[in-house]
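S.K.:
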Amino acid sequence: MGKVQEKKQQKRQALLDAAYELFMERGQGKTSIDNIVNRARVAKGTFYLYFADKESIAQALIWRISDKLFDQGLAHVKAQGEMPFLEQVLALADYLIEELRRDTVTLRLIRHSLRWPRVDELEENGQPPALLAKILEVMRACPELRDRDELELYRRLTAIVSMCVSVCYSCVIENRPDSLDNMKPVLYDIIRKSL
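Printed below as a string of structure tokens:
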């Protein structure tokens, strides 16, 4: 990577780091683009070189956080040793849900900002975001899912992840409809049946 590219990456990273800090401190709604660029110590025009608006930086941040969580979850599952694919999925879901239970700030951010690409956007861009590509690769490696096309896997993935985050948010943040511990068996039963 050349020096110009490296500087660009550093500025983008500074903006993402500043947005993360401010969203954690104040919340996304109370953070302005001016707050972000001031914290990152870059000009406001620099922000618009990388992001269209506050929502687009929030989405980029969510993908970054989600990617890190997923990598940690996969490492956790791998450390448990050999197990059938379905049990791996449930262990991964449990890991992610427990992490979000502990980190309610991230749970709130993910719940309010995670936007899955539309199917036509995936087809136009040719490649899903890195995290989705990674998850789809894991799913394609499963013998039980080999007969399903990528679009079908993507639909199932979005449904499962959205359901997990929604249930986690409702139980942890809103304390409804029941405790997370009581809802997890129901959620995991639905996941089993969907795969």
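For the sequence shown, the positions run 44 to 238 when the working numbering is used. Every residue gets a Cβ at the ideal spot worked out from N, C-alpha and C, and that includes glycine.
Give me the Cα-Cα distance between ARG55 and GLU98, rounded to the nearest whole angstrom.
M.R.: Distance between the alpha carbons of ARG55 and GLU98 is about 15 Å.
S.K.: Cutting at 6 Å between CB atoms, please list the residues of its own chain near VAL120, excluding the five before and the five after it.
M.R.: So the qualifying residues of the chain are GLN131, ALA134, LEU135.
S.K.: Let me check understanding here. Comparing Cα to Cα, which of SER213, LYS46, MET126 lies closest to ARG144?
M.R.: With distances taken between Cα atoms, ARG144 lies closest to SER213.
S.K.: What residue range does the alpha helix (DSSP H) around ALA86 cover?
M.R.: Run containing ALA86: none; DSSP gives neither H nor E here.
S.K.: Would DSSP call PHE94 helix, strand or coil?
M.R.: Three-state result, PHE94: coil.
S.K.: For the alpha helix (DSSP H) that MET182 lies in, which residues bound it at each end?
M.R.: 173–183 is the span of the alpha helix (DSSP H), which, as asked, contains MET182.
S.K.: Rank MET126, ASP114, TRP106 by C-alpha distance to the C-alpha of ILE153 and give the top, closest one.
M.R.: Nearest C-alpha to ILE153: TRP106.
S.K.: What is the residue span of the alpha helix (DSSP H) that THR74 lies within?
M.R.: No alpha helix (DSSP H) holds THR74; DSSP gives it neither H nor E.
S.K.: In the region 115–151, which residue ranges form an unbroken alpha helix (DSSP H) of at least 4 residues, counting only runs that do not cross its ends?
M.R.: Qualifying alpha helix (DSSP H) stretches, in chain order: 128–145.
S.K.: Quick check: what's the CA-CA separation for PHE90 versus LEU179?
M.R.: When rounded, the distance between both Cα atoms is 31 Å.
S.K.: Between which two residues does the alpha helix (DSSP H) harbouring ASN225 extend?
M.R.: Start and end: 223–237.
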